[in-house]
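Chemist:
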Amino acid sequence: MDFRLSEEQEAIRAMALDFARDELAPHAIDWDQQKHFPVETLRAAAALGMAGIYIRDDVGGTGLTRLDAAIIIEALATGCPAIASFVSIHNMCAGMIDRYGTEAQRRQFLPRLLTMETLASYCLTEPGSGSDAAALKTRAVREGDAYLLTGQKQFISGAGESGLYIVMARSGEEGPKGISAFIVEKDTPGLTFGANEKKMGWHAQPTRAVMLDNVRVSAENRLGAEGEGFRIAMAGLDGGRLNIAAASLGGAEAAFDKALAYVEERRAFGRAIGEFQALQFRLADMATDLEIARTFLWRAAAALDAADPEATKLCAMAKRFVTDRCFAVANDALQLHGGYGYLADYGVEKIVRDLRVHQILEGTNEIMRLIVSRAIMGRK
Amino acid sequence: MTNMRSELKRLMHIVVCIKQVPDSAQIRVHPVTNTIMRQGVPTIINPYDLFALEEALKVRDYHGGEVTVLTMGPPMAEDALRKALTYGADRAVLLTDRHFAGSDTLATSFALSQAIAQIGKSFGTPDIVFTGKQTIDGDTAQVGPGIAKRLNLVQLTYVAKIASIDFSARKITVERRSEGGTQVLESKLPCLITMLEGTAAIRRGSLEDALRAARSEIVKWNAAEAGIEDMTKCGLRGSPTVVKRVFAPTPRAEKAAQIDTTEKTVRDVADELVTSIFTHQPALEHELSSSRSA
Ligand SMILES: Cc1cc2nc3c(=O)[nH]c(=O)nc-3n(C[C@H](O)[C@H](O)[C@@H](O)COP(=O)(O)OP(=O)(O)OC[C@H]3O[C@@H](n4cnc5c(N)ncnc54)[C@H](O)[C@@H]3O)c2cc1C
Ligand SMILES: Cc1cc2nc3c(=O)[nH]c(=O)nc-3n(C[C@H](O)[C@H](O)[C@H](O)COP(=O)(O)OP(=O)(O)OC[C@H]3O[C@@H](n4cnc5c(N)ncnc54)[C@H](O)[C@@H]3O)c2cc1C
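Line order of the protein sequences matches chains A and B.
Read in order, the letters of the first sequence are residues 2 to 381 in the numbering used here.
Read in order, the letters of the second sequence are residues 505 to 798 in the numbering used here.
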């Protein structure tokens with residue numbers, strides 16, 4: 002086994018890093034401060050193939066692997082973790098349609114998603130059910146050749162701006178087996194949105210509640226079979242979690258690079274603070290943590306690509322470990338900046354705020370431990 | 505796209521010479537020895553060469569044909585060629601041979617002109633050869649004209665833009681920047697163009713382009729494979745120029761004024777700066793205050 006990227010992977014990484022450096026990083030602080038969602042920039046990324054990274058190429062997808070996707074999201078996050086994360090969510094939704102959709106659904110929806118003319122949102126969480134997602138209450142009642150969806154989704158990334166919503170709703174019994182997934186278009190009557198939530202980070206993308214009041218969805222827009230919705234939603238999350246971890250990794254790298262430069266510039270007690278061994282050791286630990294996080298993330302991504310039966314466990318391990326460790330690295334980078342780290346202009350506090358939510362969403366890190374412990378202890 | 509291009513009957517062939525140079529924005533001066541620290545400095549494609557490449561790609565996209573990028577350099581110069589392929593070049597040729605080491609502009613333009621002739625034989629005679637105006641490391645601006653002379657090509661230097669090409673009449677019109685304004689020049693093809701910073705934004709390669717570039721075979725030629733017979737014209741042997749010494753300009757006797765910023769607010773520092781400027785330029789203060797009151 003050799004731990005090097007292939008020439009192709011190096012090439013896509015370089016390309017995504019260039020994009021992050023030129024198109025994301027220079028604006029990241031501004032977008033955060035102005036709470037601006039840069040849709041045009043997302044479309045520019047899409048034009049380069051980043052909206053359908055692992056979508057099959059017959060509909061115009063880029064046809065890459067999960068490992069490739071993790072490499073690309075990591076690179077994008079060096080420019081802005083919040084934008085990289087939205088790219089990840091959009092890819093996850095497109096990936097669910099590519100994998101579980103009918104041919105007709107793939108041809109109807111994917112081309113628009115691949116250009117990001119239409120953005121996509123993932124709607125699982127509800128006000129009363131987050132971690133216990135299978136307890137969701139949004140109902141889907143069959144009526145002829147359609148379903149009527151009623152309920153509320155909470156914390157939906159991109160909501161209001163997205164044109165397409167993958168909504169998990171209860172079409173049958175209690176528990177996971179009674180859930181189906183639906184593709185809902187924005188202009189469908191009965192679909193409305195809450196206010197943009199005021200939040201700690203991820204200011205460059207909106208988060209809103211999504212209200213469904215007898216929203217009529219044609220049966221043709223059901224994704225997968227009836228009762229398959231929860232399984233589809235969870236399968237989507239396996240890859241999604243890798244990408245959220247990758248976004249933490251890229252963000253932490255950017256913070257680390259800033260700290261590395263800063264300790265050489267800043268002087269205290271008559272010397273550059275980088276001359277204090279305590280800080281040198283801190284940087285050494287941060288660099289080591291980043292290497293471990295990256296190596297393990299790639300391992301989990303490779304397992305998912307190989308359809309390894311352990312993949313779900315590995316993805317959960319990676320999400321928990323990488324997002325926790327990278328948050329700590331970013332926070333350390335802030336500490337090395339002293340008071341300046343706390344100022345918006347230096348861009349480090351923004352990264353810390355952005356990375357904090359990665360420990361919470363797409364399954365909290367406690368839920369990741371739940372998945373791992375179930376897998377290793379064989380319990381339900 | 506590629507298929508459409510190759511279906512056209514008479515294809516245009518454009519050669520772009522690119523050089524890998526250290527990213528001067530990232531070069532640091534050693535704080536103690538005051539020498540330039542080249543180690544670990546990332547390399548980039550010489551910026552003017554990128555404008556040349558963009559112009560070439562635009563011509564190709566419009567008229568059909570192929571763009572070949574060429575560089576002479578060490579094996580690691582392959583990175584620059586891969587990047588050019590990512591931007592959309594169709595073919596890349598790396599001219600590499602330890603006998604080229606130490607080339608000055610004379611030897612460089614000799615080797616490149618021989619390689620361009622060989623490219624002509626192997627892949628079709630070029631209609632346009634592009635170079636950058638000059639590099640950001642050697643800075644001589646001699647290589648382009650040197651190639652033109654050896655290949656007996658019309659040379660159009662300091663070009664900012666290609667205005668039009670009439671390929672069937674084998675004519676090209678360009679905008680050349682010169683002292684006193686812009687000249688619009690018409691010339692016959694084939695020709696050599698040295699490119700200024702262009703007017704077009706440089707395109708970005710997609711993921712697919714990056715993959716294609718990574719999968720592309722790069723043509724690698726040593727001196728013999730490039731058809732070079734006279735080795736006395738290559739490398740150190742073929743280079744009459746000797747760089748005897750590179751040095752940083754000696755600082756002038758007069759020292760820049762310094763403002764001590766420790767334990768001062770930004771406002772204090774700004775006040776002090778303005779006061780200091782006005783002390784040295786009393787006329788300026790007068791001018792500013794009178795224009796404000798006007
Ligand atoms: C600091 C420094 C000082 C130097 N001073 C001199 C000097 O005074 N005289 C001298 O003869 N040499 C000098 N050299 C060597 C010089 O860099 C090289 O001889 C030479 O290969 C190209 O000259 P240039 O970089 O000035 O190119 P320019 O003539 O400025 O380049 C014009 C264009 O030619 C093309 N081109 C140039 N080199 C290559 C290449 N290797 N492959 C493909 N295309 C290329 C590019 O399109 C480029 O934009 C110096 C080098 C350095 C690093
Ligand atoms: C900015 C942002 C964007 C989001 N985007 C989306 C989106 O696009 N789509 C979407 O569907 N959702 C989204 N979410 C929702 C997110 O996935 C949920 O917030 C998350 O799953 C946690 O659910 P909850 O908030 O209801 O917390 P709860 O489930 O109420 O958890 C509260 C605490 O209890 C812990 N806990 C719960 N159960 C257990 C257990 N069994 N053992 C141990 N600890 C437990 C949790 O880890 C947590 O610490 C987003 C959230 C945020 C903040």
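All C-beta atoms in this analysis are idealised placements derived from N, C-alpha and C, irrespective of residue type, glycine included.
#1: Going by CA-CA distance only, name the one from Ile30/A, Phe4/A, Asp3/A that's closest to Leu344/A.
#2: Once you ignore the five residues that flank Thr765/B on each side, which residues in its own chain have a CB closer than 7 Å to its CB?
#3: What residues from the stretch 16 to 27 of chain A come within 9 Å of chain B, judged by C-beta to C-beta, listed N to C?
#4: Check the Cβ-Cβ distances between Ile13/A and every residue of chain B, and say whether any is below 7 Å.
#5: By the three-class DSSP mapping on this structure, what secondary structure does Met212/A have?
#6: Less than 7 Å between the C-beta atoms of His517/B and Gly569/B, yes or no?
#7: Counting pairs of beta carbons, one from the stretch 259 to 270 of chain A and one from the stretch 332 to 352 of chain A, are three or more of them closer than 8 Å?
#8: Anything in chain B within Cβ reach of Met51/A, meaning under 7 Å, just list it in chain order.
#9: Between the alpha carbons of Val519/B and Leu696/B, how many angstroms are there, rounded?
#10: Provide the residue(s) that pair with Trp32/A in DSSP beta bridges, ordered along the chain.
#11: Within the present structure, is the beta-carbon of Ile54/A separated from the nearest heavy atom of ligand 2 by less than 6 Å?
#12: Buried or exposed: Glu733/B, going by 16 or more other Cβ atoms within 10 Å of its Cβ?
#13: Contact defined as beta carbons within less than 8 Å: I believe Ala302/A pairs with Ala71/A. What is the distance between those atoms, to the nearest angstrom?
#14: I need the straight-line Cα distance from Leu657/B to Pro694/B, nearest angstrom please.
#15: Give me, in chain order, the residues of the same chain whose beta-carbon lies closer than 6 Å to that of Thr313/A; leave out the 5 immediate sequence neighbours on both sides.
#16: Label Arg5/A either buried or exposed according to how many other C-beta atoms from any shown protein chain fall within 10 Å of its C-beta, with 16 as the threshold for buried.
#17: Check each residue of the stretch 709 to 740 of chain B: if its Cβ is closer than 8 Å to any Cβ of chain A, include it; give the result in chain order.
#18: Can you give me the Cβ contacts of Gly50/A inside the same chain, cut-off strictly under 6 Å, excluding the 5 residues immediately before and after it?
#19: Got a sec: which bits of the stretch 62 to 86 of chain A sit with their beta carbon under 8 Å from any beta carbon on chain B, in order along the chain?
#20: Please report how far the alpha carbon of Val746/B lies from the alpha carbon of Ser617/B, in whole angstroms.
#21: What does Arg707/B touch in chain A if you count any residue whose Cβ is under 8 Å from its own?
#22: Any beta carbon from chain B within less than 7 Å of Glu221/A's own beta carbon?
#23: Just to check, is the beta-carbon of Tyr591/B closer than 6 Å to a non-hydrogen atom of ligand 1?
#24: Report the rounded CA-to-CA distance for Val168/A versus Ala182/A, giving the unit in angstroms.
#25: So, with DSSP's three-state summary, where would you put Val747/B?
#26: How about Phe194/A: is its Cβ closer than 6 Å to a heavy atom in ligand 2?
#27: Excluding the 5 residues flanking Ile372/A on each side, which residues of the same chain have their C-beta closer than 7 Å to its C-beta?
#28: For ligand 2, is there a heavy atom less than 6 Å away from the beta-carbon of Phe38/A?
#29: Using a Cβ-Cβ cutoff of less than 8 Å, which residues in the same chain neighbour Pro630/B once the five nearest sequence positions on both sides are dropped?
#30: Please say whether Thr612/B and Val647/B have beta carbons closer to each other than 7 Å?
#31: Please decide whether Glu9/A counts as near chain B, where near means a Cβ-Cβ distance under 7 Å.
#32: Can you tell me whether Pro310/A is buried or exposed, with buried defined as 16 or more other CB within 10 angstroms of its CB?
#33: When we look at the beta-carbon of Asn244/A and count the other beta-carbons within 10 Å, is it buried (16 or more) or exposed?
#34: Just to confirm my understanding: we take Ala667/B, look at its own chain, exclude 5 residues before and 5 after, and list those with CB closer than 7 Å. What are they?
Modeler: Working from what's here:
#1: As a first step, residue 344/A is located in the first sequence; it is residue number 343 there, counting from the start. Closest option to Leu344/A, Cα to Cα, is Ile30/A.
#2: Here the question's residue 765/B lines up with position 261 in the second sequence. So the list reads Val773, once near-sequence residues are dropped.
#3: Cβ contacts with chain B: Met16, Ala17, Asp19, Phe20, Asp23, Glu24.
#4: Position 12 of the first sequence holds residue 13/A. Chain B places a beta carbon closer than 7 Å to that of Ile13/A, counting this residue as a contact.
#5: Translated into the one-based positions of the first sequence, residue 212/A becomes position 211. Looking at Met212/A - three-state DSSP - the assignment turns out to be strand.
#6: If you number the second sequence from 1, residue 517/B lands on position 13. If you number the second sequence from 1, residue 569/B lands on position 65. A contact, by the Cβ cut-off of 7 Å.
#7: Pairwise C-beta distances place the stretch 259 to 270 of chain A in contact with the stretch 332 to 352 of chain A, as three or more of them are shorter than 8 Å.
#8: For the purposes of this step, residue 51/A is taken as residue 50 along the first sequence, with counting starting at 1. Close partners of Met51/A in chain B (Cβ separation under 7 Å): Leu711.
#9: Along the second sequence, read from residue 1 onward, the residue named residue 519/B stands at position 15. Along the second sequence, read from residue 1 onward, the residue named residue 696/B stands at position 192. For the pair Val519/B and Leu696/B, the Cα-to-Cα distance works out to about 9 Å.
#10: Taking the first residue of the first sequence as 1, we reach residue 32/A at position 31. Its beta-bridge partners do not exist; DSSP assigns none.
#11: As a first step, residue 54/A is located in the first sequence; it is residue number 53 there, counting from the start. Every heavy atom of ligand 2 is 6 Å or more from the Cβ of Ile54/A, so no.
#12: Here residue 733/B refers to the residue found at position 229 when the second sequence is read from its first residue. Residue environment: Glu733/B is assigned as exposed (fewer than 16 neighbouring CB atoms within 10 Å of its CB, all protein chains considered).
#13: Position 301 of the first sequence, counted from the start, is the residue given in the question as residue 302/A. Position 70 of the first sequence, counted from the start, is the residue given in the question as residue 71/A. Indeed, because the Cβ distance is near 5 Å, the residues count as touching under 8 Å.
#14: Here residue 657/B refers to the residue found at position 153 when the second sequence is read from its first residue. Here residue 694/B refers to the residue found at position 190 when the second sequence is read from its first residue. Each residue's alpha carbon lies about 7 Å from the other.
#15: The residue given as residue 313/A occupies position 312 in the first sequence. Taking Thr313/A as the centre and dropping the five residues before and after it, the same chain places the C-beta of Asp239 closer than 6 Å to its C-beta, in chain order.
#16: Locating residue 5/A in the first sequence gives position 4, counting from the first residue. With fewer than 16 other CB atoms across the displayed protein chains lying within 10 angstroms of its CB, Arg5/A is exposed.
#17: Cβ contacts with chain A: Gly709, Ser710, Leu711, Glu712, Asp713, Ala714, Leu715, Ala717, Ala718, Arg719.
#18: Along the first sequence, read from residue 1 onward, the residue named residue 50/A stands at position 49. Around Gly50/A, the same chain offers Thr63 as residues with beta carbons nearer than 6 Å, after the five sequence neighbours per side are excluded.
#19: Going along the stretch 62 to 86 of chain A in chain order, one finds Thr63, Leu65, Ile73 with a Cβ nearer than 8 Å to chain B.
#20: For this step, residue 746/B is matched to residue 242 along the second sequence. For this step, residue 617/B is matched to residue 113 along the second sequence. Here the alpha carbons of Ser617/B and Val746/B stand approximately 22 Å from one another.
#21: Within the second sequence, residue 707/B is the residue found at index 203, counting from 1. By Cβ distance, chain A contributes nothing, its closest Cβ being about 10 Å from Arg707/B, past 8 Å.
#22: Position 220 of the first sequence, counting from 1, holds the residue named residue 221/A. Closer than 7 Å: no.
#23: Position 87 of the second sequence, counted from the first residue, corresponds to residue 591/B. It does not: the Cβ of Tyr591/B is nowhere closer than 6 Å to a heavy atom of ligand 1.
#24: Against the first sequence, residue 168/A aligns to sequence position 167. Against the first sequence, residue 182/A aligns to sequence position 181. Straight-line Cα distance between these residues: approximately 6 Å.
#25: Stepping through the second sequence from its first residue, residue 747/B is reached at position 243. Three-state result, Val747/B: coil.
#26: Here residue 194/A is taken as the residue at index 193 of the first sequence, counted from 1. Shortest gap from the CB of Phe194/A to any heavy atom of ligand 2: 6 Å or more.
#27: Translated into the one-based positions of the first sequence, residue 372/A becomes position 371. Cβ neighbours of Ile372/A beyond the five flanking positions: Thr313, Lys314, Ala317.
#28: Looking up residue 38/A in the first sequence gives position 37. No, since every heavy atom of ligand 2 falls outside the 6 Å radius drawn around the Cβ of Phe38/A.
#29: The sequence position of residue 630/B within the second sequence is 126, counting from 1. Here the set comprises His517, Ile518, Val519, Thr572, Ile620, Ile623, Gly624, Pro694.
#30: Residue 647/B sits at position 143 when you count from the first residue of the second sequence. Residue 612/B sits at position 108 when you count from the first residue of the second sequence. Yes, these two residues count as a Cβ contact at 7 Å.
#31: Your numbering for residue 9/A matches position 8 in the first sequence. Glu9/A counts as touching chain B.
#32: Start at 1 with the first residue of the first sequence, and residue 310/A comes out as number 309. Under this definition Pro310/A is an exposed residue.
#33: Against the first sequence, residue 244/A aligns to sequence position 243. The residue in question, Asn244/A, is buried, as its Cβ has 16 or more Cβ neighbours within 10 Å.
#34: Against the second sequence, residue 667/B aligns to sequence position 163. Thr677, Val678, Glu679, Val688.
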